[in-house]
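Per our numbering, numbering of the sequence shown is gapless, rising by one per residue and ending at 195. Right, one structure below, let's go through it.
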Amino acid sequence: MAKYHHIEPIGDLHHAIWKKAGPVWGLSASAIDVLKGIGTVWLARSLDFDISVVTLSALAATCGQMWPVFKKFDGEKGNTTGFGAAATLAFWPAIICLIPVFLAIISKVIKAAGLKSVPKEQRFRTGAGQSNALPLGVGAAFLVLPLAAYLLDEPMAVVAGFAALFVLVMVRRLTAGLSADLATDSPRDRIFWSRLLLDRPVVAES
């Protein structure tokens, strides 16, 4: 999709496709990545693998989106593929973890609707600019995921896998394009918290 719309594969492709091509294309790109996670776990289950192997396949699919060989190990953040894999692995914990994401989306929609200075047809196409609520909500979702799985008595392999998934998502946030941030004069603690909480490099703010 990025090639079709002449979008450079740099940064958050989902956001770039949404902004340039519109919500339908942006959501379609996200849906494809979700299906990567779903398909991987479904295949592992259809082969009757042990739950621990199925869980490892979910993590592998997510790592494949984060660090793909064909992009020199510099891919996306793993959120969509990770969720698709998680939802196929344990449906109800995945649904529960979406609560902070839905709250963040509602906040973003309200923000977009309130942009009176922006033409109505452009408000949702541009995504209302950068959002603090959405990356916080996504981070909270992956934190809630292993807790919800534990409380709903999912197998410990799944709980441990979801905890590992949270760590992977946070590691990717912290390290994606890190060299560009370290080359600036920004304080290291600002770089750390901007990436960890807001999933945002400081070079994008300047």
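Positions of the beta carbon are idealized from the N, C-alpha and C atoms, including for glycine. Keep in mind the model is a prediction, meaning the values are calculated, not measured.
Backbone secondary structure at ASN121 - three-state DSSP
One-based indexing of the sequence shown puts residue 121 at position 132. ASN121 falls in the coil class under three-state DSSP.
Same chain, Cβ closer than 7 Å to TRP81, five either side skipped, listed in chain order:
Locating residue 81 in the sequence shown gives position 92, where the first residue counts as 1. Excluding its 5 nearest sequence neighbours in each direction, TRP81 has C-beta neighbours in its own chain below 7 Å: LEU141, listed in chain order.
VAL42 CB to nearest chain B CB: under 8 Å?
In the structure shown, chain B does not exist; there is a single protein chain.
Taking the alpha carbon of PRO89 as the point to measure from, which residue in LEU132, ALA76, ALA47 has its own alpha carbon closest?
For the purposes of this step, residue 89 is identified with residue 100 of the sequence shown, where counting begins at 1. Among LEU132, ALA76, ALA47, the Cα nearest to that of PRO89 is on LEU132.
Heavy atom of the ligand PLP within 7 Å of LEU186 beta-carbon:
The ligand PLP is not part of the structure shown, which contains no ligands of any sort.
Distance check for SER35 and ASP178, CA to CA, integer angstroms please.
Here residue 178 refers to the residue found at position 189 when the sequence shown is read from its first residue. Here residue 35 refers to the residue found at position 46 when the sequence shown is read from its first residue. Taking the straight line joining both Cα atoms gives about 46 Å.
Please report the Cβ distance between VAL147 and THR44, rounded to the nearest whole angstrom; I am assuming they are in contact, meaning their Cβ atoms lie under 8 Å.
Sequence index remark: in the sequence shown, residue 147 carries index 158 (1-based). Sequence index remark: in the sequence shown, residue 44 carries index 55 (1-based). The Cβ separation is near 6 Å, so the contact holds.
ALA93: which of GLU65, LEU185, ALA75, PRO124 sits nearest, CA to CA?
On the sequence shown, residue 93 is found 104 positions in, with the first residue counted as 1. Of the candidates GLU65, LEU185, ALA75, PRO124, the one whose C-alpha sits nearest the C-alpha of ALA93 is PRO124.
Go to PHE181, then tell me how far its alpha helix (DSSP H) extends in each direction, as first and last residue.
Position 192 of the sequence shown, counted from the first residue, corresponds to residue 181. Counting along the chain, the alpha helix (DSSP H) containing PHE181 begins and ends at 177 to 187.
For the alpha helix (DSSP H) containing ASP170, list its first residue and its last residue.
Numbered from its first residue, the sequence shown carries residue 170 at position 181. Segment 167 to 171, the alpha helix (DSSP H) holding ASP170.
Residue of ILE99, ASN121, THR69 minimising C-alpha distance to ALA83:
In the sequence shown, the residue the question calls residue 83 occupies position 94. Restricting attention to ILE99, ASN121, THR69, the CA atom closest to the CA of ALA83 is found in THR69.
Local conformation of VAL13 per DSSP, three classes:
Locating residue 13 in the sequence shown gives position 24, where the first residue counts as 1. With a pLDDT of 49 at VAL13, under the threshold of 50, the modelled position of that residue is not reliable, and the figure given next carries that caveat. Reduced to three states, the DSSP call for VAL13 is helix.
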